[in-house]
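Residue numbers (full-length UniProt numbering): 1 to 417. Single-structure report; data block below.
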């Protein structure tokens, strides 16, 4: 977009007509330091935003190369950043490049800044981390504030961590200041009856006034006839027996669950499908493969681009308890078992306990996880029907409605410096 000279009335008027007629633009940022959850959530949001009626163009800014393996809706494209990896103690390092984390942060920050400057979004939605991973959004947020033309939204999952831990971390990282200075709205992709995020985390009156609870994101919207993995026969090599599914997202922190599932007995007349994730360490993946070797009732794959097609058809689901997995269990209403991650965050444990209290899923603490415990649960699960979920699943329709309002035509011609 060429810079305009307001002193030239003809040039200014022509630019104004072009801006009025161009499609609105949206950026969805996810840092993607562990697993696929942030990216999958933003992809689903992009789908909902595309349905808003203004025919917006959507740019995903994603933090891992696997983003290129996912099918994207028309009008959506993806910028893939070189990846961080998050260690078990919460620290970061370069996932694949032999450079320091500061150098990687500089590369990512400059890339994001250049993309946003040239794309000129009307709306930017930041997933979960107000200042970005390693504060990489700082230059972009400051430029957007100077411009004044982009509405900035922070999108939060229902649970971040134990409230006292979250507040200490956000104070140390100056996230509350970033919210005050840069963000117009806070969307919580959850139901306050399940977890009142703003109250639990003490956002205070001013920030709480910016909060909208969208409801959970109904994962049935991810289903499509041609989605990879929608047909279980493609995964099992034609085995038509009913199946139970185990999935662990990216897989880096799912080794214990995969190992236990691979050694667990499958229910009579059923087979198992295990998705280990592409981020599982090779030696751990080899151990899982060795446990599965020779079994005729278990298929192990490392990646399915759209596993929700499998979840929709499974007799039972075994998984950790990340946000997207919880939404799948709520959306499809199938018998579910969660084995939450408990370190370095307790987010999954808090969610798992609340799901168990509401009858949404059963829980096994990872400290008592075993093949026998999984096998016993599977044997019972495939004989029962899951009950009603009782949570608000209208998040996507509310996102569409809010995007419709936010992306209404405006007359600003200001450009990022």
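In this text, a Cβ means the ideal position worked out from N, Cα and C, and glycines have one as well.
Could you give the first and the last residue of the continuous beta strand (DSSP E) run that contains residue i?
i	result
residue 80	76-80
residue 323	Premise fails: residue 323 lies in the alpha helix (DSSP H), 323-332, not in any beta strand (DSSP E).
residue 271	271-275
residue 368	It is not in any beta strand (DSSP E) - residue 368 carries neither H nor E in the DSSP assignment.
residue 435	The requested residue 435 does not occur in the structure, where the chain is confined to residues 1 to 417.
Check whether the Cβ atoms of residue i and residue j lie closer than 8 Å to each other.
i	j	result
residue 26	residue 121	yes
residue 378	residue 312	no
residue 156	residue 197	yes
residue 28	residue 58	yes
residue 361	residue 331	no
residue 308	residue 49	no
residue 404	residue 182	no
residue 342	residue 366	yes
residue 94	residue 101	yes
residue 244	residue 257	no
residue 137	residue 153	no
residue 241	residue 219	no
residue 212	residue 187	yes
residue 344	residue 37	no
residue 420	residue 44	The chain is shown only over 1 to 417; residue 420 falls outside these bounds and no answer can be derived.
residue 172	residue 201	no
residue 394	residue 190	no
residue 407	residue 73	no
Could you please give the first and the last residue of the uninterrupted alpha helix (DSSP H) stretch that includes residue i?
i	result
residue 166	163-172
residue 396	395-406
residue 72	Run containing residue 72: none; DSSP gives neither H nor E here.
residue 25	Premise fails: residue 25 lies in the beta strand (DSSP E), 25-29, not in any alpha helix (DSSP H).
residue 46	37-50
Mind reading off the beta-carbon distance from residue i to residue j? Whole number of angstroms is fine, and I expect it under 8 Å.
i	j	result
residue 292	residue 262	5 Å
residue 278	residue 51	No, residue 278 and residue 51 are not in contact; Cβ-Cβ is about 30 Å, not under 8 Å.
residue 30	residue 71	That belief does not hold up - the Cβ atoms of residue 30 and residue 71 are roughly 17 Å apart, past 8 Å.
residue 381	residue 316	4 Å
residue 140	residue 174	Their Cβ separation, rounded to whole angstroms, is 16 Å, which puts residue 140 and residue 174 out of contact at 8 Å.
residue 235	residue 299	6 Å
At a cut-off of 7 Å, would you count residue i as near the ligand ATP, judging by its Cβ distance to the nearest heavy atom?
i	result
residue 173	Annotation note on the ligand ATP: not contained in the displayed structure, which lists no ligands.
Using DSSP's beta-bridge definition, name the partner residues of residue i.
i	result
residue 185	153
residue 93	85
residue 363	338
(request) Output the residue ranges of the alpha helix (DSSP H) runs that lie fully inside the region 196-262 and measure 4 residues or longer, sorted by chain position. (result) 197-200, 204-208 and 232-236
(request) Any chance you could list the alpha helix (DSSP H) runs of at least 4 consecutive residues sitting entirely within the region 98-146, in chain order? (result) 101-119
(message) What ranges does the alpha helix (DSSP H) occupy inside the region 287-361, keeping only unbroken runs of at least 4 residues that lie completely in it?
(response) 308-311, 323-332 and 347-357
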